[in-house]
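S.K.:
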Amino acid sequence: MGSATISAANWRNTAMNDDIPALLKVHEYFRGASDEAVRDVLAVARVRHLATGEVVHQPEDTLASVGFILRGRLKAVKVDSSGRETPFRIMERGEQMGMMLGALQEPVPVRVFSLEPSTVLQVDHAQAMELTLKHPDLRSLWLKTFAGTLRKQFFGATTKRAPMMLVLIHESPASRPVAERLLARLRDVGENLAVLSDSDRWQGVTGVRFRSLVANGQSIEPEEIRNQVAEWQDTNRIIFDVSAQMTPDWVERLMRLVDRAVYFVSSTASDAAVARLQAFDVPARGWRDKISIAWLLEGNATVAPAVPTLRDYAIRDFKITEGPPRHPMGWGFGGGMERLVHDLRGVRIGVALGGGAARGMTHLGVLKVLEESGIVVDMIAGTSAGALTGVVYASGLDCDYSSDCFAKDLRPSWLFRHITRGSHWSLLYKYRRGHFDPMLRPYLHDWKLEQLAVPCLSVTVDLVSGKSVVRERGDAVHAILESINIPVLSVPIVRNGQALIDGGLVNNIPADVLVAMGCNFVIAVSVTAKMESKFCDIKPDGPTMGRKPGVVQTLLRSLLVQNYNLNAFGVQPADLVIEPDVTGFDMTEFVRAKEMAAIGKAAAREQIPQLRQLLNRLDPQLFPAVNGQPA
């Protein structure tokens, strides 16, 4: 039996919110509850569909309701009297908030917001308590489930969660094998999967339960689908695998049911994909935050197509390659599938790369070791030299190749190599003559940040507003030039009413940017954590008179001193900090990029055991232990 288009005819007579009762019945706090109890809860409840980042509770507000999480995940952070936030807990599908604290009827000092598109069923606390008096079975179930939650928190015992609902949508049959790769990886990390598909490719696949959505050329009845989903409640993930050739009614029913949707699209079919998303009326229906695009990079393609309106239809996208990377591309280029797996499992690893002029070449070594250790980076944020190396890495270029290119392209010319402080004057010359743009274009072309293999952000400072500016879209070369635009060496870049200079003046290690973007594990790399006690020929215990520092040398030293003193603040949001010692290198010695990268590799290797241990705590299946130790 081949694939077939799902008809909407069988869905037309179902109620718009039929998925809410179905989701409630498989919720941890309602499994086994009587139909009458469920009906009474629904009669007084209200449904909230939350976009990513939407706030559910503010610390100054009274917690007066119980919220049952039907889809998605919420994050709670404690807020102290000074406004400082510290992580409290993550609440997932099947959990609740407010059942006990709501009894206080007073402000609770936590801020709760959604980490992803979520649906919460809210019941006024007083009404919820009245329902427990009316329905003793519900009271017993809620107390037992809450006790299980406490047991998990105190003793590490696990409770079974309702399966996540995922739909894989295929623009063409060519992406079906990619879906098989995805599910194979999910099985590798121990997920128990079940598939409802309009294709027979899953028939007989080991470790995957299968039910066809098509029988005798017709779509099966919606009641059969609901019954099948209920039967598969012992799985980790229920997956709908369907063609994009769906009727609007079917799309609506499916999108209301699932937690997430991944739309597989060839990089050559972007126009057709956007047209289809427009036809689905994604923005108006509030589906954007559920949808991710998986671009299939075919042939020699190294970036996704430029689609200016993509963010109107999808919250994020992934670039998936056909095979292993070919030189000069590195393993970061080929990590798209693993990034998608991370995302589906709620893991987002960010790397914050700090500024430090030529010393920023050290970042390439750190990134190389992360690759060699099998740790796929989901997002990068860079300031100044961190933006320079970060954007180049995000484009997919191999780290060793990039360090060679930086050393070659930034090598002072013959004239500057034969004058005193020639590397300083060479750097000034490159800034004043605008050499960085033509140097970077052969590698980054006219690509946009959003087209690159790895999501990447750059940080710059706007002199008009006096605030930092985070770039996550737009011309990749422009993003670098804005972030490395050192004052005095160059004039501000004026663009769109902003006057932009080096981001290190305000935020030299942008770990906080990654946290704000949803990363739940952040690695910060600082090349300014250590500073040599020598400037020019001046030493603390040396003669008072020495060779006078030059203008460029003084400026770079001033920036280093500033960043050195702000280092502790910049790395504070990070879960792991890597601080290579590159004090033996001048701030303009780009020609020694490979040496600095080697120091970065050594510093990163020292931290890998601790990093593995921390990641094992984040997701033991993705980052398993071997012989009792994190792999």
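When we follow the numbering used here, the leftmost residue of the sequence shown carries the number 747, and every step to the right adds one. C-beta: ideal position from N, C-alpha, C; glycine also.
Between R885 and chain C, is there a C-beta pair that is closer than 9 Å?
M.R.: Here chain C cannot be found, since the structure has a single protein chain.
S.K.: Is the stretch 1096-1105 close to the stretch 1243-1256, with three or more CB pairs under 8 Å?
M.R.: Segments in contact, yes.
S.K.: Using the C-alpha atoms, what's the distance from H773 back to K880?
M.R.: If you take the alpha carbons of K880 and H773, they lie about 20 Å apart.
S.K.: When the Cα of E926 is compared with those of E876, V1115 and S945, which residue comes out closest?
M.R.: Answer by Cα proximity: S945.
S.K.: Only counting runs of 4 or more residues, tell me where the alpha helix (DSSP H) segments fall wholly within the stretch 810-897, in order along the chain.
M.R.: Listed in chain order, the complete alpha helix (DSSP H) runs (minimum 4 residues) inside the stretch 810-897 are 871-880.
S.K.: For the beta strand (DSSP E) holding V801, just list the boundary residues, first then last.
M.R.: First-last of the beta strand (DSSP E) with V801: V801 to H803.
S.K.: For G778, is the classification buried or exposed, using 16 other Cβ atoms within 10 angstroms of its Cβ as the cut-off for buried?
M.R.: Answer is exposed; the Cβ neighbour count stays below 16.
S.K.: Can you give me the C-alpha to C-alpha distance between I1121 and I915, rounded to a whole angstrom?
M.R.: Taking the straight line from one Cα to the other gives about 28 Å.
S.K.: Apart from the five residues just before and just after L1246, which ones in its own chain have a Cβ nearer than 8 Å to its Cβ?
M.R.: Here the set comprises T1206, V1207, D1208, L1209, V1215, E1228, N1231, P1238, I1239 and V1240.
S.K.: Which residues in the same chain have their Cβ closer than 7 Å to the Cβ of K1065, if we skip the five residues on either side of it in sequence?
M.R.: Once the five neighbours on either side are set aside, the close Cβ partners of K1065 are W1041, L1043, A1050, G1082 and A1199.
S.K.: Between T865 and the rest of its own chain, which residues show a CB-CB distance below 6 Å, the 5 nearest in sequence each way excluded?
M.R.: Contacts found: H795, L816 and R817.
S.K.: Whose C-alpha, out of T993, K1340, L1361 and I1039, is nearest the C-alpha of D1058?
M.R.: Taking only the C-alpha atoms, the option nearest D1058 is I1039.
S.K.: So what does DSSP say about A990, is it helix, strand or coil?
M.R.: Note: A990 maps to coil in three-state DSSP.
S.K.: Which residues share a DSSP beta bridge with M1383?
M.R.: A query on residue 1383 cannot be resolved here, the shown segment of the chain reaching from 747 to 1377 and no further.
S.K.: Can you name, in chain order, every residue of its own chain whose Cβ lies under 8 Å from the Cβ of K1347, other than the five neighbours on each side?
M.R.: Cβ neighbours of K1347 beyond the five flanking positions: G1111, V1112, K1114 and V1115.
S.K.: Taking a contact to mean a Cβ-Cβ separation below 9 Å, would you say V1123 touches Y1189 in this structure?
M.R.: It is not a contact, given that the beta carbons lie outside the stated cut-off.
S.K.: When you compare only the Cα positions, how much space is there between P968 and V960?
M.R.: Whole-angstrom Cα-Cα distance: 12 Å.
S.K.: What do you reckon, is the C-beta of R927 under 8 Å from a heavy atom of the ligand HEM?
M.R.: Although the ligand HEM was asked about, the structure shown includes no ligands whatsoever.
S.K.: Throw me the rounded Cβ distance for the A705 and V913 pair, which I believe falls under 8 Å.
M.R.: Nothing about residue 705 can be reported from this structure: the residues present for the chain run from 747 to 1377 only.
S.K.: According to DSSP, is C1282 helix, strand or coil?
M.R.: Residue state, collapsed to three classes: coil.
S.K.: Return helix, strand or coil for W1193, following the three-state DSSP convention.
M.R.: Looking at W1193 - three-state DSSP - the assignment turns out to be coil, as it is neither helix nor strand.
S.K.: For D1027, which of helix, strand or coil comes out of DSSP?
M.R.: Looking at D1027 - three-state DSSP - the assignment turns out to be coil, as it is neither helix nor strand.
S.K.: Note down the Cα distance separating G1316 from M843, rounded to an integer number of angstroms.
M.R.: Cα to Cα, the separation comes out at about 32 Å.
S.K.: When the distance is taken between beta carbons, is R983 closer than 9 Å to L1090?
M.R.: Going by C-beta atoms, L1090 is nearer than 9 Å to R983.
S.K.: So, at 8 Å on beta carbons, what are the nonlocal neighbours of V1259 in its own chain, with the 5 sequence-adjacent residues on each side left out?
M.R.: Counting only Cβ-Cβ distances below 8 Å, and skipping sequence neighbours, we find A1098, A1127, L1203, V1205, V1216 and N1253.
S.K.: Between the stretch 821-835 and the stretch 849-863, do at least 3 Cβ pairs fall closer than 8 Å?
M.R.: Yes, they touch.
S.K.: Helix, strand or coil: how does DSSP classify D1063 here?
M.R.: The answer is strand: DSSP assigns D1063 an E or B state.
S.K.: First and last residue of the alpha helix (DSSP H) that includes F1152?
M.R.: Residues C1145 to D1155.
S.K.: Could you say which of Q804, R933, I1354 and K1213 lies nearest to E1117 if we only look at CA atoms?
M.R.: Residue I1354 is the option with its Cα nearest to E1117.
S.K.: Is A903 helix, strand or coil when you go by DSSP?
M.R.: Residue confidence is low: A903 scores 45 on pLDDT, short of 50, so the model does not pin down where it sits. No coordinate-derived value is stated.
S.K.: Does DSSP put K1294 in a helix, in a strand, or in coil?
M.R.: K1294: coil per DSSP, three-state reduction.
S.K.: Specify the secondary structure class of L1246 as computed by DSSP and reduced to three states.
M.R.: L1246: strand per DSSP, three-state reduction.
S.K.: Looking at the structure shown, is K1213 part of a helix, part of a strand, or coil, going by DSSP?
M.R.: Three-state result, K1213: strand.
S.K.: Comparing alpha-carbon positions, which option in F814, S1304, C1265 and A1153 lies nearest L1322?
M.R.: Closest by alpha carbon: C1265.
S.K.: Which residue or residues does DSSP assign as beta-bridge partners of W1041?
M.R.: Paired residues: V1011 and K1065.
S.K.: Please report the distance separating the alpha-carbon of E1387 from that of E800.
M.R.: The chain is shown only over 747 to 1377; residue 1387 falls outside these bounds and no answer can be derived.
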